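In our numbering, the protein residues as written are 6 to 410.
Presented below is the structure to which this report refers.
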Ligand SMILES: [Zn+2]
C-alpha cells in the first residue's frame, strides 16, 4: 500500500472517531533515520497508524499514556534473515520476534516453490509478526535433505511461485550447496533477475567456487551476501584488513547482511571490518534454535554486539529498520512518519558490565558496558510485548471479585 493510500485510510478513520488518540508514548528519544530524527519526541497512535509525532503532545488527548522516558523509540525492527519453516531447527516467529522488537521478519529459504503454500498456511498466516519469505531455489526448501537436489532447483517454477505471491515472497535464497559448481546460484540469480527481486546467498567458498568470483561474476547488483562477518568466509585477511574484492563487490552494488546465526559472527572479523568502516548493509539474526541459545542472536543482542564492535547507534538503527524496509519494498514500515503503520520498538540501553558471545571459531566473549534490550513492541498499533507492564494499570485497580456462591 502506498503512503498516500495509507494517509487516505488514516484520515477516514480519524474523522469517524472521537478526538482522542489510542495511546501516547511519552518522553522517549525517537530515532527515525527516515526523517533524520534523533531527539526527544512524543508519539501518538490511533488505530494501526502513527497519528502524531511532536515534541509535546498533551496527555489529555489520549486514552492511554505510556511513559517511555529514557528509552529509545524506533520503528519496529526488520530482521532480513531468520528460520521458521523447513529447517529442523526452525522456531516460531511470535515468541522469538515480538519480545525483541522485531515486527517484520524474513524467512530465509525455509520453503521452496513446492513447499511455500504449506509454509504460508501453517506459519505465515497464523503469525502476528509480519512474516515474508525468500524462496529457496531448492523446490522443497530446507525440508528433508536440504538444498542438494539439483533436479528440484527450477528457475521457472520459482519465478511462477514468486509471481503468484509477490505480497509475501520478496526474493530468492541460495545456500549450503555441497556440489562443486555454480548451478544453484546461477538459477537463483536468474529467478531473482526475472522477477525484479533479489537473491540472498550463503555459500562457504571452496576451490571450485571462490568468494571473489561469486561476488564479481555471478551475483547482480542488489543481491545480498549474508553472514558477512563469518569466520568461515572471512572478509578480512591475516593482517585483519578487508580483502580488496569485497570493496570491488560493494562498488558494483553487492550488499552485505550480518546473518549472525550459530556460526557466522566473529568479533575478530567484525571488529576489523568495522574499524575500516566496512559496515554491513543490513543487520539480521539468522535466528533458529541454536543461534538463540549460546550464540545470543536476537536483534537487540546483534545490535548490541555491533555497538560494542564500534558502530554508532544511528547507523545500527538505520541498517536494522530503514534499509531493510527499503530492500523488501515496504518503506512505510521503516519510519515513524505521521500516517505510517504503527510498528514501534521501545529499546532500553542498559549500562553495566556485560559479556557478549560470538561464534565460528569457538565461542568467545567481548566485554561491553552497554546492552540493548527491548521494553515494548507495538505492531499495527497493538501492544504485543510490554516487559515491565508500562502500559498496564497498577494491580490495586483490580475490582472486588464477583461472588458466584
Ligand atoms: Zn540462515
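Quick reminder that beta carbons are idealized off the backbone N, C-alpha and C, glycines included.
Just so it is clear, the structure is predicted and the values come from calculations on it, not from any experiment.
My parser needs the beta strand (DSSP E) runs of 3 or more residues fully inside the stretch 312 to 392; what are they?
349 to 362, 370 to 384 and 387 to 391, all fully within the stretch 312 to 392.
Keeping to the same chain, check which residues put their C-beta closer than 7 Å to that of residue 256; ignore five residues upstream and five downstream.
Translated into positions along the chain shown, residue 256 becomes position 251. Once the five neighbours on either side are set aside, residue 256 has no close Cβ partner at all.
Is it the case that the CB of residue 207 approaches a heavy atom of ligand 1 more closely than 7 Å?
The residue given as residue 207 occupies position 202 in the chain shown. Distances taken from the Cβ of residue 207 to the heavy atoms of ligand 1 include one shorter than 7 Å.
Distance cut-off 7 Å: residue 143 Cβ against heavy atoms of ligand 1
What you label residue 143 is simply residue 138 of the chain shown in a count that begins at 1. Ligand 1 has no heavy atom closer than 7 Å to the beta-carbon of residue 143.
Beta-carbon proximity check, residue 112 vs residue 82, cutoff 8 Å
Mapped onto the chain shown, residue 112 falls at position 107. Mapped onto the chain shown, residue 82 falls at position 77. Not in contact: residue 112 and residue 82 (Cβ atoms no closer than 8 Å).
Only counting runs of 4 or more residues, tell me where the alpha helix (DSSP H) segments fall wholly within the stretch 272 to 308, in order along the chain.
The qualifying runs are 272 to 280.
Residue 203, enclosing alpha helix (DSSP H) - first and last residue
Numbered from its first residue, the chain shown carries residue 203 at position 198. Premise fails: residue 203 lies in the beta strand (DSSP E), 203 to 207, not in any alpha helix (DSSP H).
Excluding the 5 residues preceding and the 5 following residue 396 in the sequence, name in chain order all residues of the same chain whose CB lies nearer than 6 Å to its CB.
What you label residue 396 is simply residue 391 of the chain shown in a count that begins at 1. Sequence-distant Cβ neighbours of residue 396 in its own chain, meaning closer than 6 Å and more than five residues away, are 71 and 388.
Three or more C-beta pairs below 8 Å linking the stretch 139 to 148 and the stretch 172 to 190:
A contact exists between the stretch 139 to 148 and the stretch 172 to 190.
Please state if the CB of residue 180 and the CB of residue 266 are separated by a distance shorter than 8 Å.
Translated into the one-based positions of the chain shown, residue 266 becomes position 261. Translated into the one-based positions of the chain shown, residue 180 becomes position 175. For residue 266 and residue 180, no; Cβs fall outside 8 Å.
DSSP state of residue 411, grouped into three classes?
Coverage of the chain is limited to positions 6 through 410, which leaves residue 411 absent and any answer about it impossible.
With hydrogens ignored, establish whether the beta-carbon of residue 161 is closer than 7 Å to any heavy atom of ligand 3.
With respect to ligand 3, the structure shown offers nothing to examine, as its ligands consist of ligand 1.
To the nearest angstrom, how far is it from the Cα of residue 242 to the Cα of residue 210?
For this step, residue 242 is matched to residue 237 along the chain shown. For this step, residue 210 is matched to residue 205 along the chain shown. The straight-line gap separating the alpha-carbon atoms of residue 242 and residue 210 is approximately 14 Å.
Would you call the stretch 86 to 101 in contact with the stretch 373 to 382, where contact means no fewer than 3 C-beta pairs closer than 8 Å?
Here the stretch 86 to 101 makes no contact with the stretch 373 to 382; the two share fewer than three CB pairs at distances below 8 Å.
Taking 7 Å as the cut-off, is the beta-carbon of residue 113 closer than that to any non-hydrogen atom of ligand 1?
For the purposes of this step, residue 113 is identified with residue 108 of the chain shown, where counting begins at 1. Within the cutoff, so yes.
Given a cut-off of 8 Å on the beta-carbon distance, is the pair residue 98 and residue 134 in contact?
Translated into positions along the chain shown, residue 98 becomes position 93. Translated into positions along the chain shown, residue 134 becomes position 129. Their beta carbons are under 8 Å apart, which means residue 98 touches residue 134 by this criterion.
Ordered along the chain, which non-local residues of its own chain (more than five positions away) have a Cβ less than 7 Å from that of residue 290?
Start at 1 with the first residue of the chain shown, and residue 290 comes out as number 285. Result list for residue 290: 84, 86, 87, 265, 296, 302, 303, 304 and 307, in chain order.
Take residue 279 as the anchor and find which of 294, 247 and 259 has the nearest alpha-carbon.
If you number the chain shown from 1, residue 279 lands on position 274. Comparing Cα-Cα distances from residue 279 to each of 294, 247 and 259, the minimum goes to 247.
Are the stretch 90 to 97 and the stretch 142 to 156 touching by the rule of at least three beta carbon pairs closer than 8 Å?
A contact exists between the stretch 90 to 97 and the stretch 142 to 156.
Leaving out five residues before and five after residue 321 in sequence, what residues of the same chain have Cβ atoms less than 8 Å from its Cβ?
Within the chain shown, residue 321 is the residue found at index 316, counting from 1. 288, 308, 311 and 312, listed in sequence order.
Is any heavy atom in ligand 1 found nearer than 7 Å to the beta carbon of residue 193?
What you label residue 193 is simply residue 188 of the chain shown in a count that begins at 1. Checking the Cβ of residue 193 against ligand 1 gives no.
Hey, how far is the Cα of residue 370 from the Cα of residue 35?
Against the chain shown, residue 370 aligns to sequence position 365. Against the chain shown, residue 35 aligns to sequence position 30. Answer to the nearest angstrom: the Cα atoms are 31 Å apart.
Residues in the same chain with beta-carbon distance under 8 Å from residue 404, minus the five sequence neighbours each way, listed in chain order, please.
For the purposes of this step, residue 404 is taken as the residue at position 399 of the chain shown. If we look at residue 404 and ignore the five residues flanking it on each side, it has no Cβ neighbours.
Spatial neighbours of residue 317 within its chain, please: CB distance less than 6 Å, with the 5 preceding and 5 following residues excluded, ordered by chain position.
Looking up residue 317 in the chain shown gives position 312. Cβ neighbours of residue 317 beyond the five flanking positions: none.
On a CA-only basis, which of 120, 240, 271 and 283 is nearest residue 366? Give me that one, please.
Here the question's residue 366 lines up with position 361 in the chain shown. It is 271.
Short Cβ contact (8 Å threshold) for residue 54 with residue 347:
Locating residue 54 in the chain shown gives position 49, counting from the first residue. Locating residue 347 in the chain shown gives position 342, counting from the first residue. Yes, the pair counts as a contact, with Cβ atoms nearer than the cut-off.
Length of the line joining the Cα atoms of residue 96 and residue 108:
Counted from its first residue, the chain shown places residue 96 at position 91. Counted from its first residue, the chain shown places residue 108 at position 103. Taking the straight line from one Cα to the other gives about 16 Å.
Residue of 63, 105 and 45 minimising C-alpha distance to residue 383:
The residue labelled residue 383 in the question sits at position 378 within the chain shown. In this structure, 105 is the residue among 63, 105 and 45 with its C-alpha nearest to the C-alpha of residue 383.
Proximity winner among 341, 393 and 329, relative to residue 353 (alpha-carbon distances):
For the purposes of this step, residue 353 is identified with residue 348 of the chain shown, where counting begins at 1. Comparing Cα-Cα distances from residue 353 to each of 341, 393 and 329, the minimum goes to 393.
With DSSP collapsed to three states, give me the class of residue 51.
Here residue 51 refers to the residue found at position 46 of the chain shown. Correct three-state label for residue 51: strand.
Span of the beta strand (DSSP E) around residue 141:
Locating residue 141 in the chain shown gives position 136, where the first residue counts as 1. Looking at the DSSP string, the run of the beta strand (DSSP E) that includes residue 141 is 135 to 141.
Per DSSP, residue 59 is paired with what?
On the chain shown, position 54 is the one that residue 59 refers to. Answer is 47, bridged to residue 59.
Please work out which residues of its chain come closer than 6 Å, Cβ to Cβ, to residue 203, disregarding the five sequence neighbours upstream and downstream, and give them in chain order.
Numbered from 1 along the chain shown, position 198 holds the residue referred to as residue 203. Beyond the five residues adjoining it in sequence on each side, residue 203 comes within less than 6 Å, by CB distance, of 176, 197, 227 and 228 in the same chain, given in chain order.
Residue 340 to residue 185, Cα distance in whole Å?
Here residue 340 corresponds to residue number 335 of the chain shown, with the count starting at 1. Here residue 185 corresponds to residue number 180 of the chain shown, with the count starting at 1. Approximately 43 Å between the Cα atoms of the pair.
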